[in-house]
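What follows is a short report on a single structure.
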């Protein structure tokens with residue numbers, strides 16, 4: 004045998020592949036930056052494993068068929084669907100599944116036209132833009148309006164389905180929306196359900212998770228809780244959950260925005276001299292305790 | 293008669309993969325890609341029909357390839373070219389242009405000669421099929 008020809012690869016070291024691909028970093032980062040969502044992270048870990056195994060199979064010359072990675076994210080408001088979708092493009096790009104790793108985020112308005120013959124070019128335009136990346140359709144159930152049979156949404160759905168099937172290796176489509184309405188949407192469009200390989204359900208956050216999310220949010224904006232404020236925040240979360248229109252992390256974000264408002268006002272009224280950075284970036288217990296959530300919520304206030 | 297217009301026209305026809313690579317290069321330079329087709333390859337015919345609008349916001353050549361496929365399906369016996377437009381101030385022009393489709397039998401271009409005033413002669417080219 005000629006020495007110059009490289010020996011055919013007969014073994015593959017998955018650990019080495021795993022290390023080389025940088026997937027470990029991606030997953031660590033995900034664990035660090037997103038709190039909770041364990042089923043979601045589990046699924047991403049599985050996808051990452053699959054992509055590595057597929058790559059190994061390709062190296063060994065085994066039959067290789069790129070997996071379908073279209074996804075649907077369902078869950079209650081504020082459970083991180085959009086946040087994760089934004090990251091998904093980056094993750095899939097680093098895993099080497101999509102070529103460019105950009106994200107095109109659209110809603111019904113961007114896909115569905117206003118008159119006959121307007122929808123197809125519009126949808127195609129968006130799809131062309133999304134090629135090589137991730138197409139994220141937020142609140143996808145709006146595409147289908149069962150009450151109006153002449154609605155152009157159906158046309159957009161047909162084009163989407165066709166491209167999802169034929170250009171599987173060129174783009175990943177992620178649909179997102181609230182659970183119940185997405186279920187309805189899939190029931191009326193069975194083609195969609197079967198073409199989406201990954202139906203990922205986002206669970207609600209636990210109270211402790213929301214608390215650490217709130218700390219993260221503040222840290223990102225260079226704020227922090229005062230020592231006693233944290234316990235008040237914990238009881239705030241508990242109380243807020245009982246009230247209507249609770250939207251998980253989004254409610255927390257709004258609460259923090261209002262707390263910052265109160266903090267600013269408090270500083271403005273009470274400050275009697277120069278303030279240091281510490282004072283400007285501390286959220287105290289009273290900033291949170293002033294929330295009307297503690298006085299019975301929005302509904303009671305109105306009554 | 294083989295028409296030679298634009299880049300690469302003295303080379304064998306580009307394969308789809310090669311076309312993709314060239315488009316990739318154009319997109320990397322932030323050039324807008326447009327597709328045009330015509331059945332009249334006369335060198336003086338600079339105004340070809342546009343296939344849709346130029347594509348300004350693509351990231352991946354696949355988007356162009358999809359359009360090209362559609363255009364080929366609709367006009368299999370036409371010349372199709374890819375134009376890459378550079379909008380940078382000072383250029384504002386087509387930077388690269390190459391043929392991606394030819395009819396199976398290409399028309400020939402014949403030269404004709406005509407006498408005019410004072411024994412001078414005029415030349416013209418006709419595309420004949």
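Residue numbers (the numbering used here), protein chains in the order written: chain Y, 4 to 306; chain Z, 293 to 421. Every residue, glycine too, gets a C-beta built ideally from N, C-alpha and C.
Once you ignore the five residues that flank residue 122 of chain Y on each side, which residues in its own chain have a CB closer than 7 angstroms to its CB?
-> 115, 116, 155, 158 and 159
List the residues of chain Y whose Cβ lies closer than 8 angstroms to the Cβ of residue 342 of chain Z, in chain order.
-> By Cβ distance, chain Y contributes nothing, its closest Cβ being about 14 angstroms from residue 342 of chain Z, past 8 angstroms.
Every unbroken beta strand (DSSP E) within the region 302 to 372 of chain Z, with a cutoff of 3 residues, ordered by chain = 324 to 330 and 341 to 347
Compare the C-beta of residue 423 of chain Z against all C-beta atoms of chain Y and say whether one is closer than 8 angstroms.
-> Missing from the structure shown is residue 423 of chain Z; chain Z here goes from 293 to 421 and no further.
Are any of the Cβ atoms in chain Y nearer than 8 angstroms to that of residue 388 of chain Z?
-> no
By a C-beta neighbour count over all protein chains shown, 10 Å radius and 16 as the cutoff for buried, is residue 371 of chain Z buried or exposed?
-> buried
Do residue 131 of chain Y and residue 345 of chain Z have their C-beta atoms within less than 8 angstroms of each other?
-> no
Mind listing the chain Z neighbours of residue 154 of chain Y? Cutoff is C-beta to C-beta under 9 angstroms, in chain order.
-> Ordered by position in chain Z, no residue passes the 9 angstroms Cβ test against residue 154 of chain Y, which lies about 25 angstroms from the chain.
Please name the residue or residues paired with residue 182 of chain Y in a DSSP beta bridge.
-> Answer is none; residue 182 of chain Y lacks a bridge partner.
For residue 306 of chain Y, is the classification buried or exposed, using 16 other Cβ atoms within 10 angstroms of its Cβ as the cut-off for buried?
-> A caution first: residue 306 of chain Y carries a pLDDT of 41, below 50, which makes its placement in the model unreliable, though a value can still be read off. Exposed, by the Cβ-count rule.
With 16 other Cβ atoms within 10 Å as the buried cut-off, status of residue 365 of chain Z = exposed
Exposed unless 16 or more other CB atoms sit within 10 angstroms - verdict on residue 67 of chain Y | exposed
Is residue 242 of chain Y helix, strand or coil when you go by DSSP?
-> DSSP places residue 242 of chain Y in the helix class (H, G or I) of the three-state scheme.
Verify whether the separation of the beta carbon atoms of residue 200 of chain Y and residue 96 of chain Y is less than 8 angstroms.
-> By the CB criterion at 8 angstroms, residue 200 of chain Y and residue 96 of chain Y fall outside the cutoff.
Whole beta strand (DSSP E) runs in the region 128 to 209 of chain Y with 3 or more residues, listed along the chain?
-> 137 to 141, 175 to 180 and 201 to 205
Under three-state DSSP, which class holds residue 378 of chain Z?
-> strand
Residue nearest to residue 388 of chain Z in terms of C-alpha spacing, selected from Z:317, Z:369, Z:354 and Z:406 = Z:317
List, in order along the chain, the chain Y residues whose C-beta lies closer than 9 angstroms to that of residue 320 of chain Z?
-> Chain Y residues near residue 320 of chain Z: none, gap ~11 angstroms exceeds 9 angstroms.
Residue of Z:293, Z:406 and Z:400 minimising C-alpha distance to residue 418 of chain Z = Z:400
Out of Y:81, Y:265 and Y:106, point me to the one whose CA is closest to residue 137 of chain Y's CA.
-> The residue with the shortest Cα to Cα distance from residue 137 of chain Y is Y:106.
What are the boundary residues of the beta strand (DSSP E) that residue 79 of chain Y is part of?
-> Run containing residue 79 of chain Y: none; DSSP gives neither H nor E here.
Short Cβ contact (8 angstroms threshold) for residue 391 of chain Z with residue 373 of chain Z = yes
Identity of the residue in Y:232, Y:194, Y:274 and Y:280 nearest residue 292 of chain Y by Cα = Y:232
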